[in-house]
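Worksheet: the structure to be examined is printed underneath.
In my numbering, the protein residues as written are 1 to 249.
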């Protein structure tokens, strides 16, 4: 339940279109519901842009199933991130109303239209095609938060002319999410070209000395370009959430 839905319920109560007992039952599980294996935050949509998102990594299929059944009683739009394909195959049979995206490892149900809440466009920029998984996660998060977004793929520093060919697109974005592994240089380059916030996402892509994304993380944290903020390794969700807060009306 989000703020608009709560207001509609209260207006309907005031007009006599709903009974007090009915509304009390609807609000019974605020602010959370104890599912045994999880405390479902049914209140989150009232105080944040996005309701509770399920982080599937490390959870058993039964746990995810229990959480989804609980969420379906309260939410029409639901996002599950970091869901492995083997688990997704089982869950898809039980929840056919959801769609699984194998590249982004997300499981999503959009049952209610999501209004546009952004001033401008968020541009997702990846250094390489190998970074696309993180970009897909960021993209669905932005869409769930009512943000208009676009992807610019495989424009890393190994061929800087590819990036410069899209300079007008870079300048037109309100917020940029720049995703890179290896040495993590791309966010610094992009930030040197634009006058908008750049959210840098290090990825775990790279050879041994990349240390699973630590090299890219440290490179981004040490950027000499202004306007760069850095999220954790492979955290497309966190980058998108921050971009949506910056860009919202």
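Idealized CB from N, CA, C, for every residue including glycine.
Remember, predicted model here, so these are calculated numbers, not experimental data.
**OP:** Pick helix, strand or coil for residue 202, following the three-state DSSP scheme.
**Re:** strand
Subject >> Chain-order list of residues whose beta-carbon lies under 7 Å from that of residue 23 (same chain, five-residue window excluded) >> reply: 9, 13
Subject >> Inter-residue spacing [alpha-carbon to alpha-carbon] between residue 257 and residue 135 >> reply: Residue coverage of the chain in this structure runs from 1 to 249, which leaves residue 257 outside it and unanswerable.
Subject >> Separation of residue 173 from residue 202, as counted between CA atoms >> reply: 20 Å
Original post:
With respect to the beta strand (DSSP E) encompassing residue 179, which residues constitute its N-terminal and C-terminal limits?
Top reply: 175–180
Subject >> C-beta contact flag for residue 108 and residue 71 at 7 Å >> reply: no
Original post:
For residue 136, does the three-state DSSP call read helix, strand or coil?
Top reply: helix
**OP:** Over the uninterrupted beta strand (DSSP E) stretch that includes residue 101, give me the two end residues.
**Re:** 99–101
Original post:
Start and end of the alpha helix (DSSP H) containing residue 219?
Top reply: 214–221
**OP:** Look up residue 232 in the DSSP assignment and say whether it is helix, strand or coil.
**Re:** coil
Original post:
When DSSP labels each residue in this structure, what does residue 5 get in the three-state scheme?
Top reply: helix
**OP:** Could you tell me the distance, in whole angstroms, from the CA atom of residue 152 to the CA atom of residue 11?
**Re:** 44 Å
Subject >> Boundaries (first-last residue) of the alpha helix (DSSP H) holding residue 123 >> reply: Run containing residue 123: none in the alpha helix (DSSP H); it sits in the beta strand (DSSP E), 121–126.
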